[in-house]
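Protein chains in written order, with the working numbering: chain A, 1 to 117; chain B, 118 to 234.
Cβ coordinates follow ideal geometry from the N, Cα and C atoms, glycine included.
Before any comments, here is the structure.
What follows is the structure in structure tokens.
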């Protein structure tokens, strides 16, 4: 079986990659919100830390009542307990990826996990 | 303590976010290679699945001897055992993020891990 899989980005409102790519350590979604739109609910998580990466556009997060400005290239980590809602800017769409991983699941990494071939 | 952290992207050759952002389920690096350059070694991993996301530009992966074309917006998952090396195109720089997570560490996700507030 191949050691890799590939997926080319989508402009759909939401694309979930876990099943499409056989991910086992994360769920990653690609999300595209039009100007003035928002994720229609506030949510938190039981076990998963989320990291958001803003591909393009701008908007804001509301996290535990704080307003956090979002611009292209920003990364945001949110602990499971953080109550979050993402809004596109009134005048700009926003595209982002959301990475869910289990909090505290990473052990060694980079130099301590790599094998040089 | 705040439930979130933010980092704005860097154009440095490599930026590692684990310590900067307090990540606990992933290491994420931001990488920028000039045209014609490559990661200077072939590597695999002990425990970590990697997911690469191509922010801009183009290039190719060589994975277990296969050539995999890379374009803006592509996602590539590589199992720990995959022997990988990333190359920028001869005529284009490439910018990408690399997400390391422990293979098989994700339990429930999305609807099964979320709490509506």
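Query                                                                                                                                       : Result
Beta-bridge pairing of residue 183 of chain B - partner residues as DSSP gives them                                                         : B/180
Ranges of the beta strand (DSSP E) found wholly within the region 204-230 of chain B, counting only runs of at least 3                      : 211-219
Counted within 10 angstroms of its Cβ, other Cβ atoms place residue 184 of chain B as buried (16 or more) or exposed                        : exposed
For residue 74 of chain A, the three-state DSSP class (helix, strand or coil)                                                               : strand
Stretch-stretch touch, CB-based, cutoff 8 Å, three pairs: the region 22-40 of chain A with the region 87-94 of chain A                      : yes
Pairwise C-alpha distance: residue 220 of chain B and residue 19 of chain A                                                                 : 15 Å
Min CB distance residue 165 of chain B to chain A below 9 Å                                                                                 : yes
Chain B contact for residue 35 of chain A (CB, 9 Å cutoff)                                                                                  : no
Three-state class that DSSP yields for residue 233 of chain B in the structure shown                                                        : strand
Of the residues A/49, A/9, A/77, the one placed nearest residue 227 of chain B, counting alpha carbons only                                 : A/49
Contact check, residue 106 of chain A vs residue 142 of chain B, beta carbons under 9 Å                                                     : yes
Beta-carbon contacts of residue 60 of chain A that lie in its chain and below 8 Å, excluding the five residues immediately before and after : 67, 68, 69, 70, 86, 87, 89
Cβ-based contacts, 8 Å cut-off: residues of the region 85-115 of chain A near chain B                                                       : 97, 99, 100, 101, 102, 103, 104, 105, 106, 107, 108, 109, 110, 113, 114, 115
Given residue 120 of chain A as reference, the closest of A/80, A/114, A/51, A/116 once Cα atoms are compared                               : Given a span of 1 to 117 for chain A in the structure shown, any question on residue 120 of chain A remains unanswerable.
For residue 146 of chain B, the nearest candidate out of B/215, B/138, B/157, B/229 (CA to CA)                                              : B/215
Beta-carbon separation (whole angstroms), residue 232 of chain B vs residue 46 of chain A, contact threshold 8 Å                            : 6 Å
Status (buried if at least 16 other CB within 10 Å, exposed otherwise) for residue 125 of chain B                                           : exposed
Distance between residue 119 of chain B and residue 21 of chain A (C-alpha atoms, nearest Å)                                                : 33 Å
Own chain partners of residue 198 of chain B with C-beta closer than 7 Å, once the 5 adjacent residues on each side are dropped             : 161
Interface partners of residue 148 of chain B on chain A, CB under 9 Å                                                                       : Here the premise fails: no neighbours, minimum Cβ distance about 12 Å.
First through last residue of the alpha helix (DSSP H) which encompasses residue 164 of chain B                                             : Looking at the DSSP string, residue 164 of chain B is not in any alpha helix (DSSP H), and its letter there is neither H nor E.
Contacting residues, own chain, Cβ-Cβ under 7 Å from residue 53 of chain A (five flanking each side not counted)                            : 75, 96, 97
Beta-carbon neighbours of residue 159 of chain B, restricted to chain A and to distances below 7 Å                                          : 117
Contacts that residue 185 of chain B makes with chain A (C-beta to C-beta distance below 8 Å)                                               : 4, 6
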